[in-house]
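Note that the numbering used here gives residue 123 to position 123 of the sequence shown, counting from 1, and the numbers run on in steps of one. Report on one structure; see the data block that follows.
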Amino acid sequence: MNIGYCPQFDALLENLTAREHLNLYASIKGIPKSIRAELVQKKLEEMDLLKFEGYCAGTFSGGNKRKLSVAIAMIGNPSIIFLDEPSTGMDPAARQFMWKVIKRISTVNKHSSIILTTHSMEEAEQLSSKMAIQVDGQLKCLGTIQQIKHKFGKGYEVEVKIKKPSVEHKSSLCQKTGLQQNDKILINDLPNILSKLNAMDLQYLISEDQSGSVIYKELNSQKGITFENLYEFIYFEKQGIQIKKFLEKEFGNIEVIEHLEDFFRFRIESIISIGKIFGCFEKNKEQLKISEYSLKQATIEQIFNQFAQGKININKHIKNKITNNQVQEMENFDQN
């Protein structure tokens, strides 16, 4: 009764029902006959298998087979439970249900310690109090999620949304070019307008494989593009460049990892405090014309992929000790 095991591939007997499976394994585990029926009933209810209790396991869906396999592992409340990819083949709703059951057993009821293997980083973050990353049969790290993020995460990601140009700004651009907001622009008009807007350096972005690909397509169509849409594109690009230069000045190496219209996502690779980043943004967001921003750490999935690709040197991190205060700061940030 001390160990429960759920294999990655369901080891079920196709001609036995769900109830018969649980009775069989309860007997093998030595659970007294006097309480066996009650435990089996509770496990069927807990795993939402009552409606299928009389059906042979061979007729079950993939999700119900996983539920039965986990129920077999958990019957008798063993002190240690090994779960190998417990939610494989489940739809999102069934997966969420399974996670709730596992959480309740490990953290609420505290009947068992659960050792779980998974390729789903979402599952690992949802269920783990401690996590280990294994690559090619070797454990690369072990710790809480926050410890791993703090030690091996490569900086932060910042999502920024830029304010739309003001009415005054729009009016000044119309005066500068002699155009109205709804005037149509074609591709042949582009160099002259960019010159008047002091934006010739952005012309390369208006092409099929750059951020201005939609603008390029509309400029080459018969209808063209409105002057308003063109100068909004130029405005957002200029502000994005200004924000990137600001971040490089403050934090060093910066990478633009996503950009669409007024939205930018930057990666800050420096290892600096969260407070400093927030302070810089709060102090300069008006000047940089930022309407909103958010900050997050590198994800566990990113860290896992870096380990798998051999991009993280363990020896480089051995001497980097994490203090309790640092871990607490990161946990508080993650909760907020």
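Don't be surprised by glycine CBs; every beta carbon is placed ideally from N, CA and C. Computed from a predicted model, the values in this text were never measured in an experiment.
Notebook entry, point to check: Is residue 116 helix, strand or coil by DSSP?
Noted result: Start at 1 with the first residue of the sequence shown, and residue 116 comes out as number 116. Residue 116 falls in the strand class under three-state DSSP.
Margin query: residue 80 and residue 102 - do their beta-carbons sit closer together than 8 Å?
Written below: As a first step, residue 102 must be located in the sequence shown, where it is residue number 102. As a first step, residue 80 must be located in the sequence shown, where it is residue number 80. No, they are not a contact pair.
Notebook entry, point to check: Helix, strand or coil: how does DSSP classify residue 110 here?
Noted result: Start at 1 with the first residue of the sequence shown, and residue 110 comes out as number 110. Correct three-state label for residue 110: coil.
Next item on the list: Measure the alpha-carbon distance for residue 98 versus residue 254 and round it to whole angstroms.
Entry: Here residue 98 is taken as the residue at index 98 of the sequence shown, counted from 1. Here residue 254 is taken as the residue at index 254 of the sequence shown, counted from 1. The alpha-carbon atoms of residue 98 and residue 254 are separated by roughly 40 Å.
Next item on the list: Evaluate residue 58 with the Cβ neighbour count: other Cβ atoms within 10 Å of its Cβ, from every protein chain shown; 16 or more gives buried, anything less gives exposed.
Entry: On the sequence shown, residue 58 is found 58 positions in, with the first residue counted as 1. With fewer than 16 Cβ atoms within 10 Å of its Cβ, residue 58 is classed as exposed.
Margin query: Under 8 Å, with one C-beta from each stretch per pair, do the region 170 to 181 and the region 203 to 221 reach the 3-pair mark?
Written below: Three or more Cβ pairs closer than 8 Å define a contact, and the region 170 to 181 falls short of that threshold against the region 203 to 221.
Margin query: Is it the case that the region 183 to 192 contacts the region 142 to 150, given that we only count it when at least three CB pairs across the two stretches are under 8 Å?
Written below: no
Item checked: Collapsed DSSP secondary structure at residue 143 in the structure displayed -> Start at 1 with the first residue of the sequence shown, and residue 143 comes out as number 143. Strand.
Check: Apart from the five residues on each side of it in sequence, which residues of its chain come closer than 7 Å, Cβ to Cβ, to residue 126?
Finding: As a working mapping, residue 126 is identified with position 126 in the sequence shown. Here the set comprises 99.
Item checked: Contact set for residue 322: own chain, Cβ-Cβ below 7 Å, skip 5 residues either direction -> Sequence index remark: in the sequence shown, residue 322 carries index 322 (1-based). At residue 322, the pLDDT of 46 sits below 50, so the modelled position is not reliable; the number obtained from the coordinates is stated separately. These residues qualify, in order along the chain: 147, 150 and 151.
Note to self: Assuming contact is defined by CB atoms lying nearer than 8 Å, are residue 236 and residue 201 in contact in what I supplied?
What the structure shows: Taking the sequence shown and counting its residues from 1, one reaches residue 236 at position 236. Taking the sequence shown and counting its residues from 1, one reaches residue 201 at position 201. Result no, Cβ atoms of residue 236 and residue 201 do not sit closer than 8 Å.
Note to self: Which residue marks the beginning of the beta strand (DSSP E) containing residue 4, and which one marks its end?
What the structure shows: Counted from its first residue, the sequence shown places residue 4 at position 4. Unbroken beta strand (DSSP E) run through residue 4: 3 to 6.
Notebook entry, point to check: Should residue 32 be labelled buried (16 or more other beta-carbon atoms within 10 Å of its own) or exposed?
Noted result: For this step, residue 32 is matched to residue 32 along the sequence shown. With fewer than 16 Cβ atoms within 10 Å of its Cβ, residue 32 is classed as exposed.
Note to self: Taking 8 Å as the threshold (C-beta atoms), are residue 16 and residue 56 in contact?
What the structure shows: Here the question's residue 56 lines up with position 56 in the sequence shown. Here the question's residue 16 lines up with position 16 in the sequence shown. Contact: yes.
Check: Taking the alpha carbon of residue 9 as the point to measure from, which residue in 24, 48, 36 and 63 has its own alpha carbon closest?
Finding: Position 9 of the sequence shown, counted from the start, is the residue given in the question as residue 9. It is 63 whose Cα lies nearest to the Cα of residue 9.
Checklist line | Neighbour-count burial assignment, residue 193, 16 or more Cβ in a 10 Å radius | finding: The sequence position of residue 193 within the sequence shown is 193, counting from 1. Residue 193 comes out buried.
Note to self: Buried or exposed, going by whether 16 or more other CB atoms sit within 10 Å of the CB of residue 88?
What the structure shows: The sequence position of residue 88 within the sequence shown is 88, counting from 1. With 16 or more other Cβ atoms within 10 Å, it is buried.
Next item on the list: Answer with buried or exposed for residue 112, where buried requires no fewer than 16 other C-beta atoms within 10 angstroms of its C-beta.
Entry: Here the question's residue 112 lines up with position 112 in the sequence shown. Residue 112 should be labelled buried.
Margin query: For a test of the three-state rule: what should DSSP assign to residue 132, helix, strand or coil?
Written below: For the purposes of this step, residue 132 is taken as residue 132 along the sequence shown, with counting starting at 1. The answer is strand: DSSP assigns residue 132 an E or B state.
Notebook entry, point to check: Considering only C-alpha positions, which residue in the set 290, 2, 294 and 260 is nearest to residue 275?
Noted result: Looking up residue 275 in the sequence shown gives position 275. The option with the nearest alpha carbon to residue 275 is 294.
Item checked: With 16 other Cβ atoms within 10 Å as the buried cut-off, status of residue 117 -> For this step, residue 117 is matched to residue 117 along the sequence shown. Exposed.
Item checked: Contact under 8 Å by Cβ, residue 291 with residue 161 -> Taking the sequence shown and counting its residues from 1, the one referred to as residue 291 is at position 291. Taking the sequence shown and counting its residues from 1, the one referred to as residue 161 is at position 161. Yes, they are a contact pair.
Checklist line | Where residue 247 sits in the DSSP three-state scheme | finding: Here residue 247 corresponds to residue number 247 of the sequence shown, with the count starting at 1. Note: residue 247 maps to helix in three-state DSSP.
Check: Can at least three beta-carbon pairs, one atom from the region 134 to 141 and one from the region 238 to 254, be found at a separation below 8 Å?
Finding: no
Check: How would you label residue 380, buried or exposed, when you count the other beta carbons within 10 angstroms and need 16 or more for buried?
Finding: The structure shown does not extend to residue 380, since the chain is modelled only from 1 to 336, so the question has no answer here.
Check: Considering only residues of the same chain and omitting the five flanking positions on each side of residue 124, which have a CB-CB separation below 7 Å?
Finding: Sequence index remark: in the sequence shown, residue 124 carries index 124 (1-based). 118, 131 and 300, listed in sequence order.
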